[in-house]
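J.:
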Amino acid sequence: MTIAIGPDAPPAIPIADPHIVKLAILAVGGQGGGVLSDWIVQAAEESGYAVQTTSVPGVAQRTGATIYSIEMTPRSDRLPVLALMPSPGDVDIVIAAELMEAGRAVMRGLVTPDRTTLIASTHRMLAVSEKIVAGNGIADGDTVLATVEEAAKRFIGFDMDKIAAEAGTMISASLYGALAGSGALPFERAAFEAAIRKGGRGVEASLRAFETAFERARNADATANAADDAPQAVAGMAAPSGPAHLLERWRDLCERIAAYPHAMRDMATRGLAKVVDFQDLAYGAAYLERLDVVLAVDKATGADGREWALSVTAAKHVANAMAYDDVIRVADRKTRADRFTRIRREVEAPADALVQVTEFMHPRGEEVCSMLPAGLGRFVEARPRLLAGLDRMVNRGRRVRTDSLIWFTVLFTLAGLRRWRRRLLRHAKETAHIDEWLTQALHMAPQNYALAVEIVACRRLIKGYSDTHQRGLSKFDRVLATVPLLAPRDDGGDWLRRLREAALKDEDGSALDGAIETVRSFAETGDTLAARVKAD
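Okay, structure coming up:
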């Protein structure tokens with residue numbers, strides 16, 4: 024059955040039940056799911072529908088997903104009987120505020136190919152389980168996209184969060200516009216817009232996002248939208264800006280990269296940008312000098328037939344190693360103007376409102392010692408009682424207002440230590456560790472090229488600072504301690520990769536312990552990886 028609509032509305036689509044329209048909204052806390060629900064209810068009531076809405080809230084703000092259920096039917100003399108929650112296989116419209124929420128809607132059975140119109144934003148809002156993984160814990164968005172396209176009768180997907188951000192509002196406004204533009208509800212466009220105006224807050228910004236999403240949903244092909252706007256593996260780089268003499272030096276460094284093999288240019292350019300942002304152009308030159316050494320070894324081993332795997336891997340991980348996380352970098356990130364702009368946008372602060380930012384800080388004595396000049400820092404570290412006394416002075420949690428003049432000045436001053444970073448203890452330690460790690464990999468390349476590549480890739484085990492850095496460094500050392508056992512083996516690279524993946528799986532290292540014992544057990548027998556896997 025097709026319901027007739029007004030001249031300003033998009034073409035209507037058939038609804039399974041001509042009397043009751045069933046709609047489910049899945050949104051993470053802080054995305055405006057409640058506002059979206061209220062707008063839909065308002066539009067329905069203004070269009071002559073009886074509406075019921077319920078919600079099951081998530082566990083906490085910005086961490087728990089909330090399901091909003093809306094059922095509506097044209098008003099009549101009879102009292103409608105409406106359900107409190109959506110049932111699997113019995114939902115006409117599903118709205119998901121994030122890609123993985125769309126996938127979870129499919130898993131719950133709320134999306135069916137014979138009935139459901141699925142409207143979802145294709146951006147990602149990473150879950151805690153994805154963030155805490157030591158390596159890359161991000162779930163595969165492409166798989167979810169393919170699944171939801173197959174599961175839904177009609178799928179409308181594009182980056183609605185980006186549209187909302189550009190309009191200066193929350194994603195609820197662009198989701199609402201996509202719903203209106205989809206034609207899935209038999210209401211005139213004016214009814215949708217009237218609900219926004221009645222809300223009274225951020226009306227103009229919300230209408231801008233609504234307009235853009237409405238046109239996108241109405242005019243664009245859903246499948247093309249989903250493919251075009253799916254999260255990309257590599258984001259574009261912004262063009263550098265600054266004084267002319269510095270830009271000239273930057274171009275000189277880029278010209279050096281232009282002489283590299285094509286396979287490594289993109290990664291080397293991004294790595295260069297990262298280390299220059301971390302320190303300065305001279306530090307960028309030091310990065311390229313390290314890559315020159317790696318490339319020379321790569322050429323000597325005939326790597327052009329291996330697509331320059333060692334050099335490409337080094338371009339990525341050497342940059343990450345040189346741009347290590349220290350107190351200076353953390354302070355720099357916390358005092359950048361774009362961070363405060365992002366915070367204001369996330370909390371929907373009006374232009375004339377003051378925003379207070381409270382942060383938890385828990386420095387250890389080791390972090391303070393690492394900011395000392397290298398000689399003085401080593402002097403303190405060599406005296407356990409002195410280091411313990413320093414730790415007692417600073418090692419206590421505190422909540423501070425970093426928007427206040429005092430604490431912002433403290434962080435800004437710490438960030439200013441960047442110009443002296445090369446003289447500090449932490450930099451001396453990181454430089455020595457990088458040199459030792461690269462030397463081990465380059466010495467291995469002529470003997471076992473695949474193992475050398477995996478040695479370089481093991482640097483991903485190290486990230487963060489304080490306790491996180493120490494745990495990663497411990498796993499890194501344990502994994503590389505097996506290299507002498509793996510060096511004589513043709514499958515040594517495969518086994519080192521498996522050890523690294525085991526180290527990334529859990530925090531306590533139990534999976535890594537088991538993998539290391541496996542390597543030790545076959546080291547004396549000469550089993551091959553294939554034989555071991557077949558036996559398992």
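Numbering (my numbering), first residue to last: 24 to 559. Quick reminder that beta carbons are idealized off the backbone N, C-alpha and C, glycines included.
#1: Which partner residues of Ala47 appear in the DSSP bridge assignment?
#2: For Glu18, count neighbouring Cβ atoms within 10 angstroms of its own Cβ and tell me buried if that reaches 16, exposed if not.
#3: Taking DSSP as the reference, what is the three-state secondary structure of Phe210?
#4: From Arg387 to Arg356, what distance separates their C-alpha atoms?
#5: Measure the alpha-carbon distance for Asp513 versus Trp460 and round it to whole angstroms.
#6: Please state if the CB of Ile539 and the CB of Arg483 are separated by a distance shorter than 8 Å.
#7: Let me confirm a value: Tyr310 is counted as buried when at least 16 other C-beta atoms fall within 10 Å, else exposed. Which label applies?
#8: Can you tell me which residues form a DSSP beta bridge with Pro97?
#9: Within 10 angstroms of the Cβ of Asp349, are there 16 or more other Cβ atoms? Answer buried if so, exposed if not.
#10: Taking the runs of the alpha helix (DSSP H) that are 4 residues or longer, which of them lie wholly in the stretch 331-409?
#11: Per DSSP, Ala143 forms a beta bridge with which residues?
#12: Looking at C-beta atoms only, is the number of pairs between the stretch 91-108 and the stretch 72-79 that lie closer than 8 Å three or more?
#13: Assuming the contact rule is C-beta atoms closer than 8 Å, Gly200 and Phe233 should be a hit. Round their C-beta distance to whole Å, please.
#14: Any idea if Pro136 is buried or exposed, counting beta-carbon neighbours within 10 angstroms, 16 or more meaning buried?
#15: As an exercise, report each continuous beta strand (DSSP E) stretch of at least 3 residues that is fully enclosed by the stretch 480-531, in chain order.
#16: Mapping the DSSP letters down to three states, classify Ser427 as helix, strand or coil.
#17: Count the C-beta pairs between the stretch 165-184 and the stretch 212-220 that are closer than 8 Å, then say yes if the count reaches three, no if not.
#18: Using DSSP with H/G/I as helix, E/B as strand and the rest coil, what is Thr77?
#19: Going by the beta-carbon positions, is the gap between Ala354 and Leu434 smaller than 8 Å?
#20: Helix, strand or coil, according to DSSP, for Leu447 in the structure here?
#21: Compare the C-alpha of Met95 against each of Val64, Ala504 and Tyr488 and name the closest.
#22: Can you grab the Cα-Cα spacing for the pair Ala510 / Ala475, in whole Å?
#23: If you measure between the beta carbons of Ala240 and Ser205, is that distance less than 8 Å?
#24: Using the beta-carbon count (16 or more within 10 Å), is Trp331 buried or exposed?
#25: Reducing DSSP to helix, strand and coil, say where Arg231 ends up.
#26: Would you say the stretch 451-460 touches the stretch 333-347, given that touching needs at least three Cβ pairs under 8 Å?
#27: With H, G and I counted as helix, E and B as strand and the rest as coil, what does DSSP make of Val257?
#28: Examine the Cβ distances between the stretch 405-413 and the stretch 364-377 and report whether three or more of them are shorter than 8 Å.
#29: Going along the chain, which residues of its own chain have a beta-carbon closer than 6 Å to the beta-carbon of Phe215, five neighbours each way excluded?
#30: Does DSSP put Arg419 in a helix, in a strand, or in coil?
#31: Per the contact definition of three or more C-beta pairs closer than 8 Å, is the stretch 412-421 in contact with the stretch 268-275?
#32: Exposed or buried, Ser544, counting other C-beta atoms within 10 Å across all chains shown (16 or more means buried)?
#33: What did DSSP end up calling Asp458 once you bin it into helix, strand or coil?
#34: For Leu133 versus Ala47, is the C-beta distance shorter than 8 Å?
#35: Check Thr324 in the structure and name its three-state DSSP category.
T.: Reading off the structure:
#1: Looking up residue 47 in the sequence shown gives position 24. Beta-bridge pairing links Ala47 to Ser92 and Val117.
#2: In the structure as shown, the chain starts at 24 and stops at 559, and residue 18 therefore has no counterpart that could be examined.
#3: In the sequence shown, residue 210 corresponds to position 187, counting from 1. Note: Phe210 maps to coil in three-state DSSP.
#4: In the sequence shown, the residue the question calls residue 387 occupies position 364. In the sequence shown, the residue the question calls residue 356 occupies position 333. Cα-Cα distance, rounded: 19 Å.
#5: By 1-based counting over the sequence shown, the position of residue 513 is 490. By 1-based counting over the sequence shown, the position of residue 460 is 437. Going by the C-alpha atoms only, they are around 21 Å apart.
#6: Reading the sequence shown from its first residue, position 460 is the one you call residue 483. Reading the sequence shown from its first residue, position 516 is the one you call residue 539. Not in contact: Arg483 and Ile539 (Cβ atoms no closer than 8 Å).
#7: Translated into the one-based positions of the sequence shown, residue 310 becomes position 287. Classification for Tyr310: buried.
#8: Mapped onto the sequence shown, residue 97 falls at position 74. Answer is Tyr72.
#9: For the purposes of this step, residue 349 is taken as residue 326 along the sequence shown, with counting starting at 1. Classification of Asp349: buried, given that the 10 Å Cβ count is 16 or more.
#10: 332-345, 350-357, 360-369, 388-393 and 397-404
#11: Within the sequence shown, the letter at position 120 stands for residue 143. Answer by DSSP bridge pairing, in chain order: Ala119 and Gly180.
#12: yes
#13: Along the sequence shown, read from residue 1 onward, the residue named residue 200 stands at position 177. Along the sequence shown, read from residue 1 onward, the residue named residue 233 stands at position 210. Their Cβ separation, rounded to whole angstroms, is 4 Å, which keeps Gly200 and Phe233 in contact under 8 Å.
#14: The residue given as residue 136 occupies position 113 in the sequence shown. Under this definition Pro136 is an exposed residue.
#15: none
#16: As a working mapping, residue 427 is identified with position 404 in the sequence shown. If DSSP states are grouped into helix, strand and coil, Ser427 belongs with coil.
#17: no
#18: Locating residue 77 in the sequence shown gives position 54, counting from the first residue. Thr77 falls in the strand class under three-state DSSP.
#19: Start at 1 with the first residue of the sequence shown, and residue 354 comes out as number 331. Start at 1 with the first residue of the sequence shown, and residue 434 comes out as number 411. Result yes, Cβ atoms of Ala354 and Leu434 sit closer than 8 Å.
#20: Taking the first residue of the sequence shown as 1, we reach residue 447 at position 424. Three-state DSSP puts Leu447 in a strand.
#21: Within the sequence shown, residue 95 is the residue found at index 72, counting from 1. The option with the nearest alpha carbon to Met95 is Val64.
#22: Residue numbering aside, residue 510 sits at position 487 when the sequence shown is read from its first letter. Residue numbering aside, residue 475 sits at position 452 when the sequence shown is read from its first letter. Roughly 9 Å separates the two Cα atoms.
#23: Taking the first residue of the sequence shown as position 1, residue 240 is located at position 217. Taking the first residue of the sequence shown as position 1, residue 205 is located at position 182. Yes, these two residues count as a Cβ contact at 8 Å.
#24: For the purposes of this step, residue 331 is taken as the residue at position 308 of the sequence shown. Trp331 is buried by the Cβ-count criterion.
#25: Within the sequence shown, numbered from 1, the residue matching residue 231 stands at position 208. Reduced to three states, the DSSP call for Arg231 is helix.
#26: yes
#27: What you label residue 257 is simply residue 234 of the sequence shown in a count that begins at 1. Reliability fails at Val257, whose pLDDT of 35 lies under 50, so the model's placement of it is uncertain and the value that follows must be treated cautiously. Three-state result, Val257: coil.
#28: no
#29: Along the sequence shown, read from residue 1 onward, the residue named residue 215 stands at position 192. Answer for Phe215: Ala66 and Ala203, listed in chain order.
#30: Counted from its first residue, the sequence shown places residue 419 at position 396. If DSSP states are grouped into helix, strand and coil, Arg419 belongs with coil.
#31: no
#32: Taking the sequence shown and counting its residues from 1, one reaches residue 544 at position 521. Exposed, since its Cβ has fewer than 16 Cβ neighbours within 10 Å.
#33: Sequence index remark: in the sequence shown, residue 458 carries index 435 (1-based). Reduced to three states, the DSSP call for Asp458 is helix.
#34: Counted from its first residue, the sequence shown places residue 133 at position 110. Counted from its first residue, the sequence shown places residue 47 at position 24. Yes, the Cβ-Cβ distance between Leu133 and Ala47 is below 8 Å.
#35: Taking the sequence shown and counting its residues from 1, one reaches residue 324 at position 301. Three-state result, Thr324: coil.
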